[in-house]
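K.L.:
So the protein sequences, as listed, match chains A and B. Take the first sequence: its position 234, counting from 1, is numbered 234 in this note's numbering, and each next residue is one higher. Here this note's numbering = 1-based position in the second sequence + 256. Backbone N, C-alpha and C fix where the C-beta goes; we use that ideal spot for every residue, glycine too. Values in this document were obtained by computation on a predicted structure and should not be read as measured data.
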Amino acid sequence: MSMSHILQADRLSRNFGGLQAVDNVSFTVEEGEIFGLIGPNGAGKTTLFNLITGLTPVSSGTFSYRGKLLTGLAPHCVAGQGIGRTFQNIRLFKGLSALENVKIPQHSRTGSGLMSGVLGLPASRHEERVVEEKAWELLKLVGLSGRAVELAGNFSYGDQRRLEIGRALALDPKVLLLDEPAAGMNAAEKHTLTAFIREIREQFHLTVLLIEHHVPLVMGLCDRIAVLNFGKLIAIGAPAEVQQSQAVIDAYLGAE
Amino acid sequence: MEGFLQNYGFLLVTLVQQALLALSLYFPFMAGQLSLASPGFYALGGYIAAIMATVDSCASLRNALGWTIFPLEWLVAALVSGILALIVGIPSLRLRGIYLALGTIAFVEILRVLFLNLDITGGAIGIFDIPQLFEERWSYILIFGPLLVVVLLFIHRLQHSRTGRAFKAIREDELAAGAMGINPTYYKVQAFVIGAVLAGIVGAMSAPLLNTWNARQGTFDASVSYLAYVLIGGSRSLWGPLLGAALLAALPELLRPLRDARLIMNGLVLVVASIYLPHGIVGALSRLWSFFSTPSAARGGE
């Protein structure tokens, strides 16, 4: 086992009753990689994300980050390890301002307690200034600093998607999980998003896991791709290899 | 002035006291938890104060401390309420929404039945002849007033702190809050405990005011009243519970000429408010304000 594996899934499985949503999936992700996860609807991609982030408990198997076991940890502990994510159906704090949305995930990096915050003790005031500054930086990065006080729920779909990436970055993650970040975007927006994902990988030294349906985007952006079908990993490799794989062609187009 | 205080002083004290109890419900609300446990802790706090002020075994303590026994009563009530809230909160906050509300109603009922049957709480008769802190009832504003100011400042500061943001994140989306590194259980229990401590202190302050304390203090009816204060006033701003309590606690006094029919008015206000003011009075006012302060072009009107 090479030491550069940042993430390692080992025979991950999850069944819901009789449905094997994720079935014995093993793979490794290298540090700094953009790793794509594709597959037909219902292939288990989002379930896999939920297993990684602790939102859904695994039925069996393990997932580790830099050799540290993440399976069995509560979601907030996984997040505290530096694993940030977005959601397929966008789960911003809709009733809160954009600024608050990017302040909240800074929680695990800060430590002031109830009384320290209420009394405004020097340590917590200093912490607030740092949080505020970082929040503005992130809003600038996603191009929403002009609308910081607006409620996140009032933003357009595309802006919500970008704000959600900004919110995940506020966690200061080492690994970023993006669940269909380009869903509902037009061609120009997809193009901008591709550049943006590359840019944040460089800037924040991220490893990116990406679920996406839009094949050209995945092929252009990802270093490696894993293909899921009915919960099983059917192919893994460089985009060109995966594209040639008979199993993948069968999964998408139907076997003869 | 003297006459005004004689007539309305007690009403004013009642309004402030009810506002404080509404705010005790507001804390778990901040973290999105519909808890109706406040009356239970209010009753508990009152009993603690009443027992400390009347039982013989505390007589030497009372003599030694003089009037400072009263702050000690508040402190003990706060501590016991806080510890009980911690014990009850950790398992019950696994429940969500209406189930948590039902669980907390059951908690209030259990406490009530306990108080009704224990010897130390005076059974059905309760505890009477509780020594007074002040000679005049309106003077109690001197303790309830400052407490209200402190609580409002506390909430105001809390809303912009790390802990307050964690509360709000859980209220908005508990699952997303977890994925953003916030431990939902920890903060839900914390919000629940703060509310319980406040209700306990208010109970301890109220026992001398009312002179007697029995199992009719802090019942299911009270749970519903406090909830109505918060919902009618508005659950998204600290001014909501305050306004709701002032309005609804004053209403029976203002409608005194209607006699028994005034309770119907109470119900009517609740129904009308929940249909036409889903965000409460403060919510409706702030919407109105933002509507008129936004230029019409920005409203997206063609």
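1. Compare the C-alpha of Val102 (chain A) against each of A:Pro122, A:Ser124, A:Leu138, A:Gly120 and name the closest.
2. How about Ile457 (chain B): is its C-beta nearer than 8 Å to some C-beta of chain A?
3. I'd like to know whether the C-beta atoms of Gly231 (chain A) and Ala21 (chain A) end up nearer to each other than 8 Å.
4. At a Cβ cut of 9 Å, what residues of the stretch 413 to 436 of chain B count as close to chain A, listed as they run along the chain?
5. Take Gly111 (chain A) and list the residues in its own chain whose beta-carbon comes closer than 7 Å to its own, dropping the five residues that flank it on each side.
6. Under 7 Å between beta-carbons, which chain B residues line up against Pro105 (chain A)? List them in chain order, please.
7. At a Cβ cut of 8 Å, what residues of the stretch 22 to 49 of chain A count as close to chain B, listed as they run along the chain?
8. Would you mind sorting Met1 (chain A) into buried or exposed? The rule is 16 or more other CB atoms within 10 Å of its CB.
9. Less than 8 Å between C-beta atoms, sequence neighbours within five positions excluded: which residues of the same chain meet that for Ala187 (chain A)?
10. Counting contacts by CB-CB distance shorter than 8 Å, is Phe63 (chain A) in contact with chain B?
11. Taking Ala238 (chain A) as the reference, which of A:Val149, A:Glu33, A:Asn89, A:Gly72 has the closest Cα?
12. Might you give, ordered along the chain, the residues of its own chain that have their beta carbon closer than 8 Å to the beta carbon of Ala425 (chain B), omitting 5 neighbours on each side?
13. Check whether the Cβ atoms of Pro284 (chain B) and Ala447 (chain B) sit closer than 8 Å, and answer yes or no.
14. From the DSSP output, read off the bridge partner residues of Ile211 (chain A).
15. Does Asn53 (chain A) get closer than 8 Å to chain B when you measure Cβ to Cβ?
16. Could you compute how far the alpha carbon of Ala576 (chain B) sits from the alpha carbon of Leu372 (chain B)?
17. Which chain A residues sit within Cβ distance under 9 Å of Gln446 (chain B)?
18. Report all residues from its chain with a CB closer than 6 Å to the CB of Asn24 (chain A); omit the five preceding and five following residues, and keep chain order.
19. Nearest by alpha-carbon distance to Tyr532 (chain B): which of B:Phe548, B:Ala517, B:Pro497, B:Ile488 is it?
20. Hey, out of A:Ser26, A:Pro40, A:Asn89, A:Phe35, whose CA is closest to Glu64 (chain A)'s CA?
21. Tell me the start and end of each unbroken beta strand (DSSP E) in the stretch 199 to 249 of chain A that is at least 3 residues and wholly inside, in chain order.
22. The alpha helix (DSSP H) spanning Leu7 (chain A) covers which residue range?
23. Taking the straight line between their C-alpha atoms, what separation do you get for Glu189 (chain A) and Ala182 (chain A)?
24. Just how far apart, CA to CA, sit Ala315 (chain B) and Leu340 (chain B)?
25. For Glu132 (chain A), which of A:Leu99, A:Gln244, A:Cys222, A:Leu7 has the nearest alpha-carbon?
26. Using the Cβ count rule (16 or more neighbours within 10 Å means buried), how would you classify Pro75 (chain A)?
27. If we ignore side chains and look at the alpha-carbon of each, how far apart do Ala152 (chain A) and Leu144 (chain A) end up?
28. Could you please give the first and the last residue of the uninterrupted alpha helix (DSSP H) stretch that includes Phe476 (chain B)?
29. Spatial neighbours of Gln262 (chain B) within its chain, please: C-beta separation below 7 Å, excluding the five flanking residues on both sides.
30. When the Cα of Ile211 (chain A) is compared with those of A:Leu19, A:Asn89, A:Ser60, which residue comes out closest?
P.N.:
Concretely, from the data shown:
1. Taking the first sequence and counting its residues from 1, one reaches residue 102 (chain A) at position 102. Checking every option, the nearest Cα to that of Val102 (chain A) belongs to A:Leu138.
2. By 1-based counting over the second sequence, the position of residue 457 (chain B) is 201. It does not: the Cβ of Ile457 (chain B) has no partner Cβ on chain A nearer than 8 Å.
3. If you number the first sequence from 1, residue 231 (chain A) lands on position 231. If you number the first sequence from 1, residue 21 (chain A) lands on position 21. Yes, they are a contact pair.
4. Arg413, Leu414, His416, Ser417, Arg418, Thr419, Gly420, Arg421, Ala422, Lys424, Ala425, Arg427, Glu428, Asp429, Leu431, Ala432, Ala433, Gly434, Ala435, Met436
5. Along the first sequence, read from residue 1 onward, the residue named residue 111 (chain A) stands at position 111. Contacts found: none.
6. In the first sequence, residue 105 (chain A) corresponds to position 105, counting from 1. Those are Met436, Gly437, listed as they occur along chain B.
7. Answer set for the stretch 22 to 49 of chain A: empty.
8. On the first sequence, position 1 is the one that residue 1 (chain A) refers to. The pLDDT assigned to Met1 (chain A) is 45, lower than 50, so where the model puts this residue is not dependable, and the model offers no usable value.
9. Against the first sequence, residue 187 (chain A) aligns to sequence position 187. Answer for Ala187 (chain A): no residue qualifies.
10. Numbered from its first residue, the first sequence carries residue 63 (chain A) at position 63. Chain B, which has no Cβ nearer than 8 Å to the Cβ of Phe63 (chain A), makes this no.
11. Here residue 238 (chain A) refers to the residue found at position 238 of the first sequence. That would be A:Glu33, whose Cα lies nearest to the Cα of Ala238 (chain A).
12. For this step, residue 425 (chain B) is matched to residue 169 along the second sequence. Excluding sequence neighbours, Ala425 (chain B) sits near Ala432, Ala433, Met436, Ile438.
13. As a first step, residue 284 (chain B) must be located in the second sequence, where it is residue number 28. As a first step, residue 447 (chain B) must be located in the second sequence, where it is residue number 191. In this structure, Ala447 (chain B) lies closer than 8 Å to Pro284 (chain B) by Cβ.
14. Counting from one through the first sequence, the residue named residue 211 (chain A) turns up at place 211. Note: Ile211 (chain A) sits in a beta bridge opposite A:Leu37, A:Asp179.
15. The residue given as residue 53 (chain A) occupies position 53 in the first sequence. With the sequence shown as reference, residue 53 (chain A) is identified as Thr, and Asn is not the correct amino acid for it. Closer than 8 Å: yes.
16. The structure shown has nothing for residue 576 (chain B), since chain B only spans 257 to 558.
17. The residue labelled residue 446 (chain B) in the question sits at position 190 within the second sequence. In chain order: Leu114.
18. Numbered from its first residue, the first sequence carries residue 24 (chain A) at position 24. Counting only residues of its own chain and dropping the five nearest sequence neighbours on each side, Asn24 (chain A) has a CB closer than 6 Å to the CB of Arg11, Ser13.
19. Here the question's residue 532 (chain B) lines up with position 276 in the second sequence. Among B:Phe548, B:Ala517, B:Pro497, B:Ile488, the Cα nearest to that of Tyr532 (chain B) belongs to B:Ile488.
20. Counting from 1 along the first sequence, the entry for residue 64 (chain A) is found at position 64. Correcting the residue type first, residue 64 (chain A) is Ser in the shown sequence and not Glu. Taking the Cα of Ser64 (chain A) as reference, the smallest distance to any Cα among A:Ser26, A:Pro40, A:Asn89, A:Phe35 is reached at A:Ser26.
21. Runs found: 207 to 211, 224 to 229, 232 to 237.
22. Numbered from its first residue, the first sequence carries residue 7 (chain A) at position 7. Premise fails: Leu7 (chain A) lies in the beta strand (DSSP E), 5 to 16, not in any alpha helix (DSSP H).
23. Residue 189 (chain A) sits at position 189 when you count from the first residue of the first sequence. Residue 182 (chain A) sits at position 182 when you count from the first residue of the first sequence. For Glu189 (chain A) and Ala182 (chain A), the distance between alpha carbons rounds to 8 Å.
24. By 1-based counting over the second sequence, the position of residue 315 (chain B) is 59. By 1-based counting over the second sequence, the position of residue 340 (chain B) is 84. So the alpha carbons of these two residues sit roughly 26 Å apart.
25. The sequence position of residue 132 (chain A) within the first sequence is 132, counting from 1. Checking every option, the nearest Cα to that of Glu132 (chain A) belongs to A:Leu99.
26. Residue 75 (chain A) sits at position 75 when you count from the first residue of the first sequence. Label assigned to Pro75 (chain A): buried.
27. Within the first sequence, the letter at position 152 stands for residue 152 (chain A). Within the first sequence, the letter at position 144 stands for residue 144 (chain A). If you take the alpha carbons of Ala152 (chain A) and Leu144 (chain A), they lie about 10 Å apart.
28. In the second sequence, residue 476 (chain B) corresponds to position 220, counting from 1. That run of the alpha helix (DSSP H) goes 476 to 489.
29. Residue 262 (chain B) sits at position 6 when you count from the first residue of the second sequence. Excluding positions up to five away in sequence, the list is empty.
30. Within the first sequence, numbered from 1, the residue matching residue 211 (chain A) stands at position 211. Comparing Cα positions, the closest option is A:Asn89.
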